[in-house]
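Enquirer:
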Amino acid sequence: MGQVVGAGLLAHVPTIVLPEATRRELNNGQEITLVTGLRQLRKDVFETVDYDTVVVLDSHWATTVEFVVTAQQHRAGLFTSEELPRGMCRMPYDFPGDQELAHAIAARAADHATWITAIEDPYLPIYYATTNLWTHLGVPGKRWVSIGVCQTGDAEDHLRLGRALGDAIAATDRKVLLIASGALSHTFWPLRHLRAHEASGPEHIITPEARAADYERIGWFKDGDHARVLDTMDEFARFKPEARFGHYLMMIGALGEGDCTAPGRQYGEYENSVGTGQVLLWFDPPTGGFPAPHRTDPSNDPYPYPYPG
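In the UniProt record's numbering, the protein residues as written are 1 to 309.
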């Protein structure tokens, strides 16, 4: 029986893959702690824990009519970002995928009244919410799989994806690390103001209210109060969490939602990235493992699953 052996809410900002000299130039001569934090996380977890596969819940990959999970046997190539090609240019990536797990996830779609497709197409694009973290955390031989957020999905849809993911992991022999790759509050400074706010200090977060909302949730994460995070999603939406916090919702859906009380361990500091709130938080499994995913009640859905036609 498979299990989740660790999970993290991890920042993936472009600065973490820039040369150190450039990072220091942007940050008043100081190294950004997201980089040092990822280095320590690699030592503590990714080079130490017994696991087979990393599943990245990728906040930069937005689908429309279904959730998509990568199912290639192997992914390798060079990545240049359309968003910042000057800073993320021809970055190499090379890792095995996990076809069995990908198809197992897709096979659980009907159980949770949602739509999930496993795609093996070698030309499927990759995004830096995956590649930037692989650059820091990828260990040779370990499988990596990505799942995108769905831009038409709401919180319940993303929780359903997480439940299907958790069920699929339990049904296989895989030991899995989950990464919710994305930010907390996520509003950028306007272009003409942006370069005055490139340093990592939290005073550069877009508003004091967004900063306070992020700190509040970081505190709840550290206390293991995932139920409170979920209960206040509408309140947090005022501060535009990245991808409507779909990356976190998918992760916590796999970990039992409000039943999960795993406390977060922070690596590095809470930092700014041109107005957005960034943090590295890791959740170890409690004794006995994470709670089982919830069941889904589709009785109030407007259309039956599977969609006719």
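We put the CB at the ideal spot given by N, CA and C, even for glycine.
CB-CB under 6 Å to Ile-205, same chain, minus the five flanking residues each way: which ones, in chain order?
Expert: Arg-211, Asn-272 and Gly-277, listed in sequence order.
Enquirer: Tell me which residue opens and which closes the alpha helix (DSSP H) that Lys-222 is part of.
Expert: Segment 208 to 223, the alpha helix (DSSP H) holding Lys-222.
Enquirer: On the premise that Tyr-51 lies in contact with Val-17, defined as a C-beta separation below 8 Å, what is that separation, rounded to the nearest angstrom?
Expert: Not quite, the Cβ-Cβ distance comes to about 23 Å (not below 8 Å), so this is no contact.
Enquirer: Determine the extent of the alpha helix (DSSP H) in which Met-233 is found, giving its start and end residues.
Expert: Where Met-233 is concerned, the enclosing alpha helix (DSSP H) stretches over 233 to 236.
Enquirer: Check Tyr-93 in the structure and name its three-state DSSP category.
Expert: Three-state result, Tyr-93: strand.
Enquirer: Measuring only the C-alpha atoms, how far is Gly-309 from Pro-122?
Expert: Any answer about Gly-309 is weak, because its pLDDT of 45 lies below 50 and its placement is not dependable; what the coordinates show is given next. In a straight line, the C-alpha of Gly-309 is about 28 Å away from that of Pro-122.
Enquirer: Could you pull out every residue in the same chain whose Cβ sits closer than 7 Å to the Cβ of Gly-268, ignoring the five residues on either side in sequence?
Expert: Cβ within range, chain order: Thr-33, Leu-34, Thr-36, Gly-37 and Leu-280.
Enquirer: Report the CB separation of Arg-39 from Gln-30 in whole angstroms; it is logged as a contact under 8 Å.
Expert: Not confirmed; about 15 Å, so no contact.
Enquirer: Cutting at 7 Å between CB atoms, please list the residues of its own chain near Thr-117, excluding the five before and the five after it.
Expert: So the qualifying residues of the chain are Glu-66, Val-68 and Ala-106.
Enquirer: Work out the CA separation of His-12 and Leu-133 for me, nearest whole Å.
Expert: One C-alpha to the other measures close to 6 Å.
Enquirer: For residue 359, which residues from the same chain have a beta carbon less than 6 Å from its beta carbon, with the 5 sequence-adjacent residues on both sides left out?
Expert: With the chain covering 1 to 309 only, the question about residue 359 has no answer from this structure.
Enquirer: What's the gap between the Cα of Glu-83 and the Cα of Thr-131?
Expert: Taking the straight line joining both Cα atoms gives about 14 Å.
Enquirer: Can Tyr-270 and Ala-110 be called in contact, C-beta distance under 8 Å?
Expert: No; because the gap between Cβ atoms is not below 8 Å, this pair is not in contact.
Enquirer: Of the choices Tyr-93, Leu-161 and Ala-62, whose alpha-carbon is the least far from that of Ala-104?
Expert: Nearest C-alpha to Ala-104: Leu-161.
Enquirer: Apart from the five residues just before and just after Asp-94, which ones in its own chain have a Cβ nearer than 6 Å to its Cβ?
Expert: Correct list, in chain order: Ala-76.
Enquirer: Roughly how many angstroms lie between the CA atoms of Leu-165 and Val-145, to the nearest whole one?
Expert: Rounded to whole angstroms, Leu-165 to Val-145 spans 12 Å at the Cα level.
Enquirer: Sort Gln-151, Ile-169, Pro-291 and Gly-87 by Cα distance to Ala-21 and report the nearest one.
Expert: Checking every option, the nearest Cα to that of Ala-21 belongs to Gly-87.
Enquirer: Since Gln-266 is in the alpha helix (DSSP H), which residue starts that stretch and which ends it?
Expert: Segment 264 to 266 is the beta strand (DSSP E) holding Gln-266; no alpha helix (DSSP H) there.
Enquirer: If we count the other Cβ atoms within 10 Å of its Cβ and call it buried at 16 or more, is Tyr-303 buried or exposed?
Expert: Exposed.
Enquirer: Let's test the definition: count the other Cβ atoms within 10 Å of the Cβ of Gly-288 and tell me whether it reaches 16, buried, or not, exposed.
Expert: When all chains shown are included, Gly-288 counts as exposed.
Enquirer: Relative to the alpha-carbon of Pro-285, which residue among Ala-262, His-294, Ala-254 and Thr-296 has its alpha-carbon at the smallest distance?
Expert: Among Ala-262, His-294, Ala-254 and Thr-296, the Cα nearest to that of Pro-285 is on Ala-262.
Enquirer: State yes or no: is the C-beta of Val-145 nearer than 7 Å to some heavy atom of the ligand ADP?
Expert: Absence of the ligand ADP is noted for the structure shown, with no ligands found whatsoever.
Enquirer: Taking the alpha helix (DSSP H) that Thr-36 belongs to, which residues open and close that run?
Expert: 33 to 41 is the span of the alpha helix (DSSP H), which, as asked, contains Thr-36.
Enquirer: What separation, rounded to the nearest whole angstrom, lies between the Cα atoms of Phe-290 and Ala-168?
Expert: Answer to the nearest angstrom: the Cα atoms are 14 Å apart.
Enquirer: Between the C-alpha atoms of Val-139 and Thr-70, what's the straight-line distance to the nearest angstrom?
Expert: Cα to Cα, Val-139 sits roughly 19 Å from Thr-70.
Enquirer: Mark Pro-293 as exposed unless 16 or more other C-beta atoms lie within 10 angstroms of its C-beta, in which case mark it buried.
Expert: Counting Cβ neighbours within 10 Å, Pro-293 comes out buried, since at least 16 surround it.
Enquirer: Smallest Cα separation from Arg-228: which of Cys-260, His-197 and Lys-240?
Expert: Minimum Cα distance to Arg-228 is reached at Cys-260.
Enquirer: What whole-angstrom Cβ distance do Leu-194 and Phe-46 have, given they're in contact under 8 Å?
Expert: At roughly 32 Å, the Cβ-Cβ gap does not stay under 8 Å, so Leu-194 and Phe-46 are not in contact.
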